[in-house]
Amino acid sequence: MEDFLVNINGTLLKGPEAKISVFDRGFLYGDSVYEATRTFNKRPFRIDQHIDRLFLSAEKISLEPTYSKEVILSEVLKTIEAAPFKDATIRIVLTRGTNSDLGLDPALSGPNNLVVFTKEIKPNPAWWITDGVSMIFFQKKIEASGSLPKTGNYQENILANREATSRGAYDSFMINTHGHVTEGTTSNAWVIKNNILFTPPLADGVLDGLTRKALLEMAKRQMLPLPLVEKSLTKDDFLSADECFITSTTRNVVPVTKIESHLIGNGKPGALTLKLLELYLEFVK
1393 MEDFLVNING TLLKGPEAKI SVFDRGFLYG DSVYEATRTF NKRPFRIDQH
1443 IDRLFLSAEK ISLEPTYSKE VILSEVLKTI EAAPFKDATI RIVLTRGTNS
1493 DLGLDPALSG PNNLVVFTKE IKPNPAWWIT DGVSMIFFQK KIEASGSLPK
1543 TGNYQENILA NREATSRGAY DSFMINTHGH VTEGTTSNAW VIKNNILFTP
1593 PLADGVLDGL TRKALLEMAK RQMLPLPLVE KSLTKDDFLS ADECFITSTT
1643 RNVVPVTKIE SHLIGNGKPG ALTLKLLELY LEFVK
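Here's what the structure looks like:
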């Protein structure tokens, strides 16, 4: 907590001093939307796209922002400038506001609360590249179709991550009610098979990740060493993959070398995965 700089509705505070009402709907009900990004040498990664997605998430849950995109961008940049570090994680949270009572009716809430968190981001652990991470499968109980909003209600993802860590894995691959692998709890999922790169489509209930979007953009520009296909994928597709990895804005590209008790490929990060990481970092920096 001490390592954070926090901006609450335009006021910059040290982490321990940052406080919000217990009647805020984000606290009471997870009634909020959020975005997570990072900076490279004080430059925020695709911040306009993140703010656009924040507003899209708000629209999907009928949360009407009382802050404009321009004001949110200004507050994010102000927070980045005030922070004493160059490479940082950034989290933007927009809640529906503070309730006047404990009811669910959104009409009880006041103006939004806007919170921007920033903290120095450390390099990924070296073993992620030398050894890769392990994953398990987690069956989702709630069906989703289309790209998901990023809301404060992350209970199913928390349960999936807890199940993974309790079994000694890094994280879970979520499976929808149609039996398709969708994503990690906070990442997008990818496999390489026969020199083709595959990722699940948004229609399967996948977050429209900005790192995912960057790789799709690179593919369209023919900047990748292999073709990219969006396709519904099963457990077997992952277990029989030559290579596997996950992506997120804060972690970039992370090799996956084991799923459940099954080794992916030879059990080491794949050459194509590491090449994609190299190309991605060149692209975004």
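Counted from 1, the sequence shown has number 1418 at position 26 by our numbering; the numbering is strictly sequential. C-beta: ideal position from N, C-alpha, C; glycine also.
- Separation of residue 1583 and residue 1649 (C-alpha to C-alpha, rounded to the nearest whole angstrom) is 11 Å.
- Non-local C-beta neighbours of residue 1531 in its own chain, meaning closer than 6 Å and more than five positions away in sequence, comprise 1567, ordered along the chain.
- Burial check for residue 1527: the Cβ neighbour count within 10 Å reaches 16 or more, so the residue is buried.
- Rounded to whole angstroms, residue 1468 and residue 1668 show a C-alpha spacing of 29 Å.
- When the beta-carbon positions are compared, residue 1635 and residue 1601 stay at least 8 Å from each other.
- For residue 1428, DSSP records a beta bridge to 1483.
- For residue 1405, the beta-bridge partners assigned by DSSP are 1398.
- When DSSP states are grouped into helix, strand and coil, residue 1676 belongs to the helix group.
- In its own chain, leaving out the 5 sequence neighbours on each side, no residue places its CB closer than 6 Å to the CB of residue 1533.
- Cα atoms of residue 1647 and residue 1496: separation of roughly 42 Å, rounded to the nearest angstrom.
- Assignment of beta-bridge partners to residue 1435 by DSSP yields 1432.
- If you ignore the 5 residues before and after residue 1564, its C-beta comes within less than 8 Å of the C-beta of 1527, 1528, 1529, 1530, 1552, 1553, 1555, 1556, 1576 and 1577, all in its own chain and listed in chain order.
- Taking a contact to require three or more Cβ pairs closer than 8 Å, the stretch 1472-1491 and the stretch 1512-1525 qualify as touching.
- Under the three-state reduction of DSSP output, residue 1447 falls in the helix class.
- Counting along the chain, residue 1547 sits inside the alpha helix (DSSP H) bounded by residues 1547-1558.
- If you ignore the 5 residues before and after residue 1616, its C-beta comes within less than 6 Å of the C-beta of 1610, all in its own chain and listed in chain order.
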